[in-house]
């Protein structure tokens with residue numbers, strides 16, 4: 531399985547980015563896009579498991595472009611099936627942990643998960 | 168770097184409200200009909216003082232100050248939502264069938280078959296949050312209705328709110344977003360599943376008795 535990110539889009543319904551390790555160009559583009567989207571306030575929701583109703587999503591807090599992993603908040607009891615737990619206080623070097631955001635984080639490999647990106651909202 | 172979610176399509180005569188975080192938000196800035204009317208009133212010496220919802224009359228009450236200083240009231244009845252319905256239909260020129268088809272395919276991978284069948288046939292489907300226990304009615308081109316189930320089968324569920332939210336932009340006075348209708352539903356669904364707290368935070372919460380709630 532190759533990880534994909536569906537970006538909800540005005541003109542195309544959704545555009546897909548793939549984290550295909552064999553395609554270096556696509557991978558580079560996907561890394562840059564995800565990093566830029568998080569900076570711009572997009573909400574990325576990654577599939578962190580499934581139940582009988584369908585995929586279970588978790589909001590991505592940060593992205594580590596060196597390891598191609600989404601970083602989500604985790605709880606000791608709840609751990610996504612496709613994730614690896616990381617002790618708290620070890621954010622990736624290029625990002626800083628936000629104040630008041632303590633607790634365990636979970637890393638979900640972008641290359642093995644599907645995610646949906648939602649643009650900042652204008653209310654309604 | 169491009170605009171990852173695309174650029175909304177402006178429609179003649181419709182005001183587009185763009186998320187302020189978007190770099191192109193300033194390009195779509197236009198005065199609302201209320202602001203234009205307020206300016207015309209001000210030229211004649213009238214001044215808008217306040218507006219509020221009156222549940223008893225089901226109307227918006229406007230208090231306006233006349234040039235002689237006396238404050239008078241006017242009321243705008245709000246019994247139905249036909250103006251929202253018509254404005255939404257008008258905004259449909261901004262969407263394409265191909266986009267909607269792709270969005271439907273994506274939604275089909277996210278929900279169960281019977282929920283998808285409900286959505287295609289009725290334009291809505293139900294999902295209960297495992298965290299809060301609240302039941303969400305996701306609707307195409309209408310705000311999402313949040314129901315609190317009482318647990319008693321004889322008692323009807325309580326409507327908590329109608330949650331309205333559009334990624335990037337929406338057309339004022341309508342339920343139409345810049346994205347095609349099912350993309351808006353996907354945004355609601357993924358945010359509810361992924362971060363319910365944030366979902367409530369970013370949505371506009373319409374009380375069920377207001378026409379904007381679409382009930």
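Residue numbers (this note's numbering), protein chains in the order written: chain H, 531 to 654; chain B, 168 to 382.
No residue lacks a Cβ here, since even glycine has one placed at the ideal position from N, Cα and C.
Among the options, the one whose alpha carbon lies nearest that of residue i
i	options	result
residue 551 (chain H)	H:642, H:578, H:653 and H:573	H:642
residue 270 (chain B)	B:343, B:206 and B:350	B:350
residue 589 (chain H)	H:533, H:647 and H:570	H:647
residue 315 (chain B)	B:298, B:224, B:176 and B:306	B:298
residue 190 (chain B)	H:570, H:580 and H:557	H:570
residue 342 (chain B)	B:304, B:251, B:322 and B:329	B:251
residue 370 (chain B)	B:217, B:356 and B:320	B:356
residue 224 (chain B)	B:243, B:234 and B:232	B:243
residue 534 (chain H)	H:540, H:561 and H:596	H:561
residue 346 (chain B)	B:185, B:363 and B:179	B:185
residue 584 (chain H)	B:344, B:273 and B:300	B:273
residue 204 (chain B)	B:196, B:278 and B:214	B:214
residue 372 (chain B)	B:329, B:378 and B:174	B:329
residue 256 (chain B)	B:178, B:320, B:206 and B:187	B:178
residue 240 (chain B)	B:348, B:206 and B:229	B:229
residue 653 (chain H)	B:348, B:284, B:174 and B:187	B:187
residue 211 (chain B)	B:327, B:233 and B:283	B:233
residue 226 (chain B)	B:246, B:323 and B:368	B:246
residue 217 (chain B)	B:238, B:207 and B:199	B:238
residue 549 (chain H)	H:581, H:591 and H:597	H:597
residue 593 (chain H)	H:582, H:581, H:580 and H:566	H:566
residue 264 (chain B)	H:581, H:542 and H:532	H:542
Within chain B, partners of residue i - CB distance below 8 Å
i	result
residue 575 (chain H)	357, 358, 360, 361 and 362
residue 572 (chain H)	171 and 172
Beta-carbon spacing of residue i, residue j below 9 Å
i	j	result
residue 172 (chain B)	residue 353 (chain B)	no
residue 365 (chain B)	residue 296 (chain B)	no
residue 302 (chain B)	residue 288 (chain B)	no
residue 304 (chain B)	residue 375 (chain B)	no
residue 586 (chain H)	residue 599 (chain H)	no
residue 161 (chain B)	residue 332 (chain B)	With chain B covering 168 to 382 only, the question about residue 161 (chain B) has no answer from this structure.
residue 381 (chain B)	residue 248 (chain B)	yes
residue 170 (chain B)	residue 254 (chain B)	no
residue 568 (chain H)	residue 556 (chain H)	no
residue 279 (chain B)	residue 291 (chain B)	no
residue 572 (chain H)	residue 537 (chain H)	yes
Limits of the alpha helix (DSSP H) - the one that residue i falls within
i	result
residue 348 (chain B)	348-361
residue 556 (chain H)	554-569
residue 205 (chain B)	200-210
residue 258 (chain B)	249-258
For residue i, the residue or residues it bridges with in DSSP
i	result
residue 291 (chain B)	B:306
residue 540 (chain H)	Beta-bridge pairing links residue 540 (chain H) to no other residue.
residue 581 (chain H)	H:584
residue 214 (chain B)	B:232
residue 131 (chain B)	The structure shown has nothing for residue 131 (chain B), since chain B only spans 168 to 382.
residue 184 (chain B)	B:337
residue 330 (chain B)	B:311 and B:372
Run of the beta strand (DSSP E) containing residue i, from where it starts to where it stops
i	result
residue 594 (chain H)	584-594
residue 543 (chain H)	543-549
residue 598 (chain H)	Where residue 598 (chain H) is concerned, there is no enclosing beta strand (DSSP E), given that its DSSP letter is neither H nor E.
residue 373 (chain B)	371-373
residue 276 (chain B)	Element bounds for residue 276 (chain B): n/a, residue is neither H nor E.
residue 336 (chain B)	336-338
residue 136 (chain B)	Past the edges of chain B, shown from 168 to 382, lies residue 136 (chain B), and the structure says nothing about it.
residue 647 (chain H)	644-648
residue 635 (chain H)	635-639
Cross-chain neighbours of residue i in chain H, by beta carbon under 7 Å
i	result
residue 347 (chain B)	543
residue 185 (chain B)	652
residue 189 (chain B)	650
residue 194 (chain B)	Under the 7 Å cutoff, chain H gives no residues; its nearest Cβ is about 14 Å from residue 194 (chain B).
residue 337 (chain B)	652 and 654
residue 273 (chain B)	536 and 544
Listed by chain order, chain H residues near residue i by CB distance under 8 Å
i	result
residue 423 (chain B)	Because chain B in this structure spans residues 168 to 382, residue 423 (chain B) falls outside the shown range and cannot be described.
residue 371 (chain B)	653 and 654
residue 173 (chain B)	539, 540, 541 and 542
residue 326 (chain B)	The premise fails here: residue 326 (chain B) is roughly 17 Å from chain H at the closest Cβ pair, so nothing lies under 8 Å.
residue 285 (chain B)	Within 8 Å Cβ-Cβ: nothing; residue 285 (chain B) doesn't reach chain H, min ~13 Å.
residue 334 (chain B)	538, 648, 649, 650, 651 and 652
residue 177 (chain B)	In chain order: nothing, as chain H lies at least about 12 Å away.
residue 350 (chain B)	538, 539, 543 and 544
Neighbour list for residue i in chain B, Cβ cutoff strictly below 7 Å
i	result
residue 588 (chain H)	361
residue 634 (chain H)	Going along chain B, no residue has its Cβ under 7 Å from residue 634 (chain H), so there is no contact; the nearest lies around 17 Å.
residue 585 (chain H)	277
residue 563 (chain H)	171
Beta-carbon neighbours of residue i, restricted to chain H and to distances below 9 Å
i	result
residue 230 (chain B)	Within chain H, no residue comes near residue 230 (chain B); the closest Cβ sits about 25 Å away, beyond 9 Å.
residue 353 (chain B)	536, 538, 544, 646 and 648
residue 310 (chain B)	654
residue 252 (chain B)	Within 9 Å Cβ-Cβ: nothing; residue 252 (chain B) doesn't reach chain H, min ~15 Å.
residue 391 (chain B)	Missing from the structure shown is residue 391 (chain B); chain B here goes from 168 to 382 and no further.
residue 267 (chain B)	543
Under 9 Å from the C-beta of residue i: neighbouring residues of chain B
i	result
residue 567 (chain H)	171 and 172
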